[in-house]
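Each residue of the sequence shown is one higher than the last, beginning at 13 in the numbering used here.
Every residue, glycine too, gets a C-beta built ideally from N, C-alpha and C.
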Amino acid sequence: MKDRSKTVIEPEREVPVVDEVDVLVVGGGPAGLAAAVAAARHGGEVDLIERYGYVGGMATGGLVLMLDRMGNDEGEQVVRGIAQELVDRLEAMDAVIYPPKDVWGSSDPQAARKWRHFGAVGPQSGRVRYSPTVDPEYLKIVGARLLDEADVRTLFHAWACSTLVSDGIVRGVVFESKSGRLAVLAKVVVDCTGDGDVFAYAGADFEKRDLPFGLVFRLAGVDIEKANSFVNENPEEFDALVRELAKSGGTGGGVGGLNAIYYRTVREGIVWCNNSVPTSDSLSIDELTKAEKERRETALRTLEFFRENLPGFEEAFLLDTAPQLGTRGSRRLKGEHTLTKDEWLSEKQFDDVIATCSPRTEGEPLINVPYGCLLPEKLENLLVAGRCISVDTVVHNCVRLIPPCMATGQAAGTAAALAVREDAAPREIDRSQLRSLVAEDHARPSPALPDAK
Ligand SMILES: Cc1cc2nc3c(=O)[nH]c(=O)nc-3n(C[C@H](O)[C@H](O)[C@H](O)COP(=O)(O)OP(=O)(O)OC[C@H]3O[C@@H](n4cnc5c(N)ncnc54)[C@H](O)[C@@H]3O)c2cc1C
């Protein structure tokens, strides 16, 4: 057994400061992309650092292709803003698919039967939802364009590894890169790393709640009409196959279990498959490595099983596994406010709501996220957005989806720019002004599309 308690002391070193800006956003996933664009549009000089070579986080590198519940089961659109802008731009490039507006909220069997295969039907309600499915390669391009157009300086291949704090105030972030260890100083830092790396390095309080990892994969060469006819006409036989698949070492689907074995994509002949492992430590490199290896085997086993047993998959092949292992939950900030299930279900009113998300199913109230969920309890000049904001486990299950992460990101970016403009700490800004700005931005139609034909 190796001694894992041994430590070394790194020598002190000077780190070049490559930029000093108003707002530094760390992590270019759904939350970070929206935060950076919003902060820049509201007048901030903004840098974004991202450890990989593209934006989108789970929605691109994680191959999580469905922007789930942009609308609720009642058929209303709930998340707009930069999330909707992305959809509009992807639409102009034929790189997104979603149910037409006239079937949102419908339980018409024909519509439900079609859109179920895209994951756009509530499992409990049976109602069609506005849940667009995107092409991840186009999303990478469109996301980068949004950043460039807003004049955000983007640094890819930049892995944040330390947060600079003095007197309880966050001053910037140090990151590792091929150019060496570098720093960016900022008046406000927005942690959009999903895992809360920046607030953890800064010493903020948090809780850690691991959820199952997932390594999504895509299969190509699928006769989708044939496969879907089989699934639609033989639901019991399909369920039995899915159970057998899980027992024989294939994927057990997503967190919700067997209902999410494969989903259609924007592209003909290609499906994406959830591929989750039981909960393990999402910050342990041993567990992350194990999950990567095991889930690729599971993907291959699933392919073999489908080819043998599922009509329509006879000629299928493994197109790719996600370059980014999917983490659903790890650290969650202990914020100025922690939104709880009871507050949500009892429809507690807050003065500083900055994002609204769809609930789990019909009849449940919308989830209104107050600004305090984005603010650490003690540290100043730091905001948090995306799946690591301060909420309890039940609320997290809804706010961790891509559209709400974009909504909290957009709000955090707006708040950061406002703080810089007012020369105030993010905690001290005029929250009613923030609320109005966020509401105006969400109500505004997408700006003219450069790609529109
Ligand atoms: C398997 C799986 C299936 C899912 N299915 C769905 C679904 O169908 N629909 C849906 O809406 N949601 C789904 N989700 C949830 C959703 O994808 C995520 O919760 C959401 O993407 C979180 O957005 P985020 O911006 O907070 O974090 P992320 O998407 O994780 O983005 C974080 C970004 O920060 C970067 N980063 C992290 N650490 C650092 C660092 N130290 N330095 C620099 N950069 C860093 C990452 O590379 C990444 O780009 C799923 C999640 C998983 C794992």
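Cross-strand partners of residue i (DSSP beta bridge)
| i | result |
| --- | --- |
| Ala232 | Phe329 |
| Lys220 | Arg343 |
| Asp364 | DSSP output for Asp364 lists no bridge partner at all. |
| Gln445 | DSSP lists no partner for Gln445. |
| Leu60 | Val37, Thr166 |
| Val283 | Leu231, Arg276 |
| Glu392 | Ile181 |
| Ile379 | Cys369 |
| Phe225 | Thr339 |
| Gly83 | Gln89 |
| Thr145 | Met78, Ile109 |
| Ser288 | Gly226 |
| Val133 | Val140 |
C-beta atoms of residue i and residue j nearer than 7 Å
| i | j | result |
| --- | --- | --- |
| Gly261 | Arg313 | yes |
| Val164 | Val27 | no |
| Gly398 | Cys204 | yes |
| Cys417 | Val403 | no |
| Ala428 | Val35 | yes |
| Glu62 | Gly93 | no |
| Cys410 | Arg343 | no |
| Pro457 | Leu395 | no |
| Glu355 | Pro377 | no |
| Gly44 | Val33 | no |
Whole-Å CB distance - residue i paired with residue j, under 8 Å assumed
| i | j | result |
| --- | --- | --- |
| Met105 | Gln336 | Met105 to Gln336, Cβ: 23 Å. No contact. |
| Gln422 | Ala50 | 5 Å |
| Val289 | Pro224 | 6 Å |
| Cys285 | Val210 | The pair is not a contact, with the Cβ atoms about 32 Å apart (cut-off 8 Å). |
| Gly425 | Ala132 | Going by Cβ atoms, the distance from Gly425 to Ala132 rounds to 28 Å, so no, they are not a contact pair. |
| Thr352 | Val407 | 7 Å |
| Phe130 | Tyr274 | Actually they are not in contact, since the Cβ atoms of Phe130 and Tyr274 sit about 11 Å apart, beyond 8 Å. |
| Val182 | Glu392 | 7 Å |
| Gly56 | Val365 | So it is not a contact: roughly 22 Å between Cβ atoms. |
Residue interval of the beta strand (DSSP E) (run including residue i)
| i | result |
| --- | --- |
| Thr426 | Segment 414 to 434 is the alpha helix (DSSP H) holding Thr426; no beta strand (DSSP E) there. |
| Val38 | 29 to 38 |
| Ile181 | 181 to 188 |
| Cys173 | 171 to 178 |
| Lys199 | 194 to 203 |
| Pro247 | No beta strand (DSSP E) contains Pro247, which is instead part of the alpha helix (DSSP H) from 247 to 259. |
Boundaries of the alpha helix (DSSP H) in which residue i is found, first to last residue
| i | result |
| --- | --- |
| Trp127 | 121 to 128 |
| Asp100 | 93 to 104 |
| Val160 | What sits at residue 160 in the sequence shown is Asp, not Val. Start and end: 148 to 161. |
| Val411 | 405 to 411 |
| Trp356 | 353 to 357 |
| Asp209 | 209 to 214 |
| Lys113 | Premise fails: Lys113 is in no alpha helix (DSSP H) and is neither H nor E. |
| Thr301 | 297 to 321 |
| Pro52 | What sits at residue 52 in the sequence shown is Ala, not Pro. Ala52 -> alpha helix (DSSP H) spans 42 to 53. |
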